[in-house]
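Trainee: Chains as they are written, first to last, in the numbering used here: chain S, 26 to 357; chain H, 26 to 357.
Got a structure here, written out as structure tokens. Questions coming.
There are 2 protein chains.
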Amino acid sequence: MTQNSFFDVAGIGNAIVDVIAPVDDGFLLKHNIAKGVMTLIDEFRARQLYEAFEERQEIGGGSVANSMAGLASLGGKGLFVGKVKDDRLGASFAASMRDTGVRFTTRFAEGGPSTACSLIAVTPDGHRSMNTYLGASREIAPRDVDENEIASAQVFYIEGYLWDAPEAKAAIVKCIAAAKSAKRKVALALSDPFCVSRWRGEFKAMLKNSLDIVFANEAEIKSLFEVETFDEALQALRDWPGIAALTRSEKGCVVARGKEVHVVDAAPAARVVDTTGAGDQYAAGFLYALTRGKSLGDCGRLGGIAAAEVISHYGARPEVSLRTLAADVGLL
Amino acid sequence: MTQNSFFDVAGIGNAIVDVIAPVDDGFLLKHNIAKGVMTLIDEFRARQLYEAFEERQEIGGGSVANSMAGLASLGGKGLFVGKVKDDRLGASFAASMRDTGVRFTTRFAEGGPSTACSLIAVTPDGHRSMNTYLGASREIAPRDVDENEIASAQVFYIEGYLWDAPEAKAAIVKCIAAAKSAKRKVALALSDPFCVSRWRGEFKAMLKNSLDIVFANEAEIKSLFEVETFDEALQALRDWPGIAALTRSEKGCVVARGKEVHVVDAAPAARVVDTTGAGDQYAAGFLYALTRGKSLGDCGRLGGIAAAEVISHYGARPEVSLRTLAADVGLL
């Protein structure tokens, strides 16, 4: 990776406050919540669900924002770009980023929709069903990004969810141009199989033209290539020169760069409480290791260790120092 | 693959009658049986265990012999070379090969040790602990192999267990030379992690000099390269130009040819009763598909289907037509 970078990773994503509540399957049925996926909702439904939740916990969230928090927990230097409103949840989001040590200076919106929130219903099997009101996070626009800052990071990291926010694409195009001209890497997380089916054509074009790294779970990569088996998706990537980091839950991950393929087993998890953030923390571990010049196999291993930590408790951000966990297995 | 071959696969292996009995873990402890592996025993201990077994079932066995039976069940044409004595178990072995349609014409030994048997203790978790008396099977020698027959098969297939029989090696050297000069493929199954540790140096030399295809489960390939993780073993094979078919039980298989890597999920098994023969039938399905010009991914898939059938019942050979199963999923 290029030297003399100020940040390890600059990420752009939806700035969301997670509102997490343990529920049973009956709650999902009663409130017509699709299990295990992310559904976009409006402000009215967000208020309804918020009130229906008992024992709710509020915490800074958003996929790339979570990854940046994980990167910081590993000792990496991260920048986050995302939009909140100047309201209670917006202040809460900014405080949560500041607490992790991630740089977050995007200007708050003064009017318009409220700060985004994701109402996450966690069932006893550890699956999470996310109901996301994008609110202010959709308002991210080219004027919110500083090309010099983006170009000062080794990796520019994007979440697929941003495609649901129209102006965000223009901001991303501007950032990619800045990253590319500084010879930085560009990484995309596919985010969700439905997100992939909404934006398949654009994601495939990015894969071909702009991306150096793609993160996807099994459902997402199968959706991208419209194939039925994991191996078909892997073969579809065989001639792609970038790095594919493909997560498979308890089956671990497969990391491929062209014809270099690593099959890495899952790190042992103390318990599975809530899988929210597993993919986000995997990306954090992976990108941290990559920016430290580790082998692709070790990038996958550190990703797995970060994911195993986050699924052992509620919430999408690490509760213990990932740096300590990484040091324990000789991966720093 | 080369055309105009008379056999699809010519296999050489220990000609063994399996004596299978369901036991509990207490039985293993009482009789000092190492769980889940193959242990070599002498004739005295073979008789002892034989008598301790209740509900025993006798059936033709031996790793490569099982694979040839599976190949025949798929509609493939197989030749088996192996040594039995002219005794009751020897006749039983020959009959079991004849019943499958595999050609088996190796001359019976008239004197010397009895026909080999493997006393297989199957615990309720489906694991099998094999206690093998090699007897007459060790007597296989160069004079028992017909070079023209070997050279008439697309693939010459060897089991690693044969390294425990001294004269067998000379027979194998003769067969490899015949296969190579006819431009046929040479395949080796590593057989067992302890077998690998006994013969690691010779197996590695074969990998370098003679083999086109290697079959191994995870423990075997890790033992071969003396590494701790599956991925390290996979990376150790990265520059090898042959085909590695690596089985991982419920994790499916990884098939690699140089830098072409397939990650194939396990076929769904109706139930797991007895894992005896899973590797043998995997090789049968894999080699059948290979001799029919299928892709490496499809070779792995057909191997997985054959393995899923054999673990759903006691015994190491298919109980239903593998050809029908393969046709059902469009893999013929």
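Don't be surprised by glycine CBs; every beta carbon is placed ideally from N, CA and C.
Does the Cβ of H:D49 have 16 or more other Cβ atoms within 10 Å, making it buried, or fewer, making it exposed?
Mentor: Position 24 of the second sequence, counting from 1, holds the residue named residue 49 of chain H. By the 10 Å Cβ count, H:D49 comes out exposed.
Trainee: Determine the DSSP secondary structure at S:L213, reduced to helix, strand or coil.
Mentor: Position 188 of the first sequence, counted from the first residue, corresponds to residue 213 of chain S. In this structure, S:L213 counts as strand in the three-state DSSP scheme.
Trainee: Any C-beta of chain S sitting closer than 8 Å to the C-beta of H:G322?
Mentor: As a working mapping, residue 322 of chain H is identified with position 297 in the second sequence. Chain S, which has a Cβ nearer than 8 Å to the Cβ of H:G322, makes this yes.
Trainee: Excluding the five sequence neighbours on either side, which residues of its own chain have a C-beta within less than 7 Å of the C-beta of S:A295, listed in chain order?
Mentor: Residue 295 of chain S sits at position 270 when you count from the first residue of the first sequence. The residues are S337.
Trainee: Can you list, in chain order, the residues of its chain whose CB lies under 7 Å from that of S:A341, leaving out five sequence neighbours each side?
Mentor: Within the first sequence, the letter at position 316 stands for residue 341 of chain S. So the list reads D43, G86, N91, T301, G302, D305 and V335, once near-sequence residues are dropped.
Trainee: With 8 Å set as the bound, which would you pick, yes or no: does the beta-carbon of S:K284 sit closer than that to a beta-carbon of chain H?
Mentor: In the first sequence, counting from the first residue as 1, residue 284 of chain S sits at position 259. At least one chain H Cβ lies under 8 Å of S:K284.
Trainee: Please check if any C-beta of chain S sits within less than 8 Å of the C-beta of H:T140.
Mentor: Numbered from its first residue, the second sequence carries residue 140 of chain H at position 115. No, because no Cβ of chain S sits closer than 8 Å to the Cβ of H:T140.
Trainee: Please state whether the Cβ-Cβ distance between S:P191 and S:A161 is less than 8 Å.
Mentor: Locating residue 191 of chain S in the first sequence gives position 166, counting from the first residue. Locating residue 161 of chain S in the first sequence gives position 136, counting from the first residue. Taking 8 Å as the Cβ cut-off, S:P191 and S:A161 do not qualify as a contacting pair.
Trainee: For H:Q260, would you say it is in contact with chain S, using Cβ-to-Cβ distances shorter than 8 Å as the test?
Mentor: Against the second sequence, residue 260 of chain H aligns to sequence position 235. So, interface residue.
Trainee: Quick one: give me the first and last residue of the alpha helix (DSSP H) that H:L114 is part of.
Mentor: The residue given as residue 114 of chain H occupies position 89 in the second sequence. Element bounds for H:L114: R113 to T125.
Trainee: My parser needs the alpha helix (DSSP H) runs of 4 or more residues fully inside the stretch 134 to 182 of chain S; what are they?
Mentor: 172 to 176
Trainee: Using alpha carbons as the reference points, say which of S:A94, S:V297, S:T148 and S:V34 lies closest to S:G51.
Mentor: As a first step, residue 51 of chain S is located in the first sequence; it is residue number 26 there, counting from the start. Looking at the Cα atoms, S:T148 is the closest of the given residues.
Trainee: Taking 8 Å as the cut-off, does the stretch 172 to 183 of chain S touch the stretch 252 to 272 of chain S (at least 3 CB pairs, one atom from each stretch)?
Mentor: no
Trainee: Quick one: residues in its chain with C-beta nearer than 6 Å to the C-beta of H:A35, no 5 flanking neighbours on either side, listed in chain order?
Mentor: Against the second sequence, residue 35 of chain H aligns to sequence position 10. Cβ contact annotation for H:A35 (same chain, cutoff 6 Å, sequence separation greater than five): L104, I175, A178 and F181, in chain order.
Trainee: Would you say H:E253 and H:V221 are within 8 Å of each other, going by their C-beta atoms?
Mentor: Locating residue 253 of chain H in the second sequence gives position 228, counting from the first residue. Locating residue 221 of chain H in the second sequence gives position 196, counting from the first residue. Here H:E253 is not near H:V221, since their CB atoms are 8 Å or more apart.
Trainee: Can you list, in chain order, the residues of the stretch 229 to 262 of chain S whose Cβ is nearer than 9 Å to any Cβ on chain H?
Mentor: When CB distances to chain H are screened at a threshold of 9 Å, the residues of the stretch 229 to 262 of chain S falling below it are T254, F255, D256, E257, L259 and Q260, in chain order.
Trainee: Could you compute how far the alpha carbon of H:K55 sits from the alpha carbon of H:S216?
Mentor: Here the question's residue 55 of chain H lines up with position 30 in the second sequence. Here the question's residue 216 of chain H lines up with position 191 in the second sequence. Near 26 Å, if we compare the C-alpha coordinates of H:S216 and H:K55.
Trainee: Identify, in the order they occur along the chain, each residue of the same chain with its Cβ nearer than 7 Å to the Cβ of H:E80, setting aside the five sequence neighbours on each side.
Mentor: Mapped onto the second sequence, residue 80 of chain H falls at position 55. Result list for H:E80: A46 and P47, in chain order.
Trainee: Would you please state the rounded distance, in angstroms, between the beta carbons of H:I197 and H:G107? I believe it to be under 8 Å.
Mentor: Working through the second sequence from its first residue, we reach residue 197 of chain H at position 172. Working through the second sequence from its first residue, we reach residue 107 of chain H at position 82. With 8 Å as the limit, H:I197 and H:G107 do not qualify as a contact, their Cβ atoms being about 12 Å apart.
Trainee: Quick one: Cα of S:L315 to Cα of S:I183, how far?
Mentor: Walking along the first sequence from the start, residue 315 of chain S turns up at place 290. Walking along the first sequence from the start, residue 183 of chain S turns up at place 158. The straight-line gap from Cα to Cα measures roughly 16 Å.
Trainee: Out of H:V170, H:A193 and H:W188, state which residue places its alpha-carbon closest to the alpha-carbon of H:A204.
Mentor: Against the second sequence, residue 204 of chain H aligns to sequence position 179. It is H:V170.
Trainee: Assign H:D150 to one of two classes, buried (16 or more other C-beta atoms within 10 Å of its C-beta) or exposed (fewer than that).
Mentor: Looking up residue 150 of chain H in the second sequence gives position 125. Exposed is the call here.
Trainee: What does S:D150 touch in chain H if you count any residue whose Cβ is under 9 Å from its own?
Mentor: Here residue 150 of chain S refers to the residue found at position 125 of the first sequence. One finds nothing in chain H with a Cβ atom closer than 9 Å to the Cβ of S:D150; even the nearest lies about 20 Å away.
Trainee: Out of curiosity, what's the CA-to-CA distance linking H:E285 and S:F255?
Mentor: Within the second sequence, residue 285 of chain H is the residue found at index 260, counting from 1. Within the first sequence, residue 255 of chain S is the residue found at index 230, counting from 1. Taking the straight line from one Cα to the other gives about 15 Å.
Trainee: Check each candidate in H:I201, H:R225, H:R70 and H:A71 and name the one with the smallest Cα separation from H:A212.
Mentor: Residue numbering aside, residue 212 of chain H sits at position 187 when the second sequence is read from its first letter. The shortest Cα separation from H:A212 among H:I201, H:R225, H:R70 and H:A71 belongs to H:I201.
Trainee: Please state whether DSSP places S:N39 in a helix, a strand or coil.
Mentor: By 1-based counting over the first sequence, the position of residue 39 of chain S is 14. Coil at S:N39, not helix or strand.
Trainee: Note down the Cα distance separating H:D33 from H:L327, rounded to an integer number of angstroms.
Mentor: Counted from its first residue, the second sequence places residue 33 of chain H at position 8. Counted from its first residue, the second sequence places residue 327 of chain H at position 302. The C-alpha of H:L327 is placed about 16 Å away from the C-alpha of H:D33.
Trainee: Tell me whether H:F32 sits in a helix, a strand or coil according to DSSP, three-state version.
Mentor: As a first step, residue 32 of chain H must be located in the second sequence, where it is residue number 7. In this structure, H:F32 counts as strand in the three-state DSSP scheme.
Trainee: Taking CB distances under 8 Å as the criterion, tell me whether H:V354 reaches chain S.
Mentor: Looking up residue 354 of chain H in the second sequence gives position 329. H:V354 does not count as touching chain S.
Trainee: Counting only Cβ pairs nearer than 9 Å, list the residues of chain S close to H:D290.
Mentor: Along the second sequence, read from residue 1 onward, the residue named residue 290 of chain H stands at position 265. Near H:D290 (Cβ distances below 9 Å), the residues of chain S are T254, F255, D256 and K276.
Trainee: I need the straight-line Cα distance from S:K60 to S:A281, nearest angstrom please.
Mentor: As a first step, residue 60 of chain S must be located in the first sequence, where it is residue number 35. As a first step, residue 281 of chain S must be located in the first sequence, where it is residue number 256. C-alpha separation (whole angstroms): 30 Å.
Trainee: On the DSSP bridge list, what partners appear for S:K110?
Mentor: On the first sequence, residue 110 of chain S is found 85 positions in, with the first residue counted as 1. BP columns for S:K110 point to S:A134.
Trainee: Can you give me the C-alpha to C-alpha distance between H:G283 and H:V109, rounded to a whole angstrom?
Mentor: Taking the first residue of the second sequence as 1, we reach residue 283 of chain H at position 258. Taking the first residue of the second sequence as 1, we reach residue 109 of chain H at position 84. Distance between the alpha carbons of H:G283 and H:V109: 38 Å.
Trainee: Would the beta-carbon of H:R153 fall within 8 Å of that of H:D299?
Mentor: As a position in the second sequence, residue 153 of chain H is number 128, starting the count at 1. As a position in the second sequence, residue 299 of chain H is number 274, starting the count at 1. Yes, they are a contact pair.
Trainee: In the DSSP output, which residue or residues are listed as bridge partners for H:G85?
Mentor: Counting from 1 along the second sequence, the entry for residue 85 of chain H is found at position 60. Its beta-bridge partners are H:V42.
Trainee: State the DSSP-derived secondary structure class of S:N374, mapped to helix, strand or coil.
Mentor: The shown model of chain S, from 26 to 357, leaves out residue 374 of chain S, and the question about it has no answer.
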